[in-house]
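Trainee: In terms of the working numbering, the sequence shown is residues 79 to 164.
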Amino acid sequence: MSTTDPFAAISDPNRRFLLEQLRRAPKTVNELAESLPISRPAVSQHLKALLDSNLVSVTSEGTRRIYAVNNRGFDRLNLWLDQFWA
Numbered sequence: 079m080s081t082t083d084p085f086a087a088i089s090d091p092n093r094r095f096l097l098e099q100l101r102r103a104p105k106t107v108n109e110l111a112e113s114l115p116i117s118r119p120a121v122s123q124h125l126k127a128l129l130d131s132n133l134v135s136v137t138s139e140g141t142r143r144i145y146a147v148n149n150r151g152f153d154r155l156n157l158w159l160d161q162f163w164a
């Protein structure tokens, strides 16, 4: 599994919007796509970038894939940012 730069992942406004939606509650791709003016495949590509940067996680329930914020990925970002305030 390749890991991408989380700062590059959150530089896209659509990905930040997805993270805001997932911060409220875990959701499927279809639920997330309803809120954006982009296609479902585009939402899936954005979610893959967030997965690759460890900012979201995914679980399967039958045929559904449920996406959620990955707190451990954000903990790493917070640790990096916190060093500038120390």
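Quick reminder that beta carbons are idealized off the backbone N, C-alpha and C, glycines included.
1) Can you give the beta carbon distance from R101 to V147, rounded, assuming they're within the 8 Å contact cut?
2) For K126, which residues does DSSP report across the bridge?
3) Roughly how many angstroms separate the alpha carbons of W163 and R154, rounded to a whole number?
4) Cα separation between N92 and L114?
5) Between the segment 98-112 and the segment 83-90, can you find at least three pairs of beta-carbon atoms closer than 8 Å?
6) Quick check on E98: does DSSP put it in helix, strand or coil?
7) Thinking C-beta only, is L159 closer than 9 Å to Y145?
8) Can you tell me whether A111 is helix, strand or coil according to DSSP?
9) According to the neighbour-count rule (16 or more other Cβ atoms, all chains shown, within 10 Å of its Cβ), is S89 buried or exposed?
Mentor: On the basis of the supplied data:
1) Contact flag correct, Cβ pair sits at about 6 Å.
2) None, per the DSSP bridge assignment.
3) 15 Å
4) Rounded to the nearest angstrom, the two C-alpha atoms are 8 Å apart.
5) No contact exists between the segment 83-90 and the segment 98-112.
6) helix
7) Contact flag unset, no.
8) helix
9) exposed
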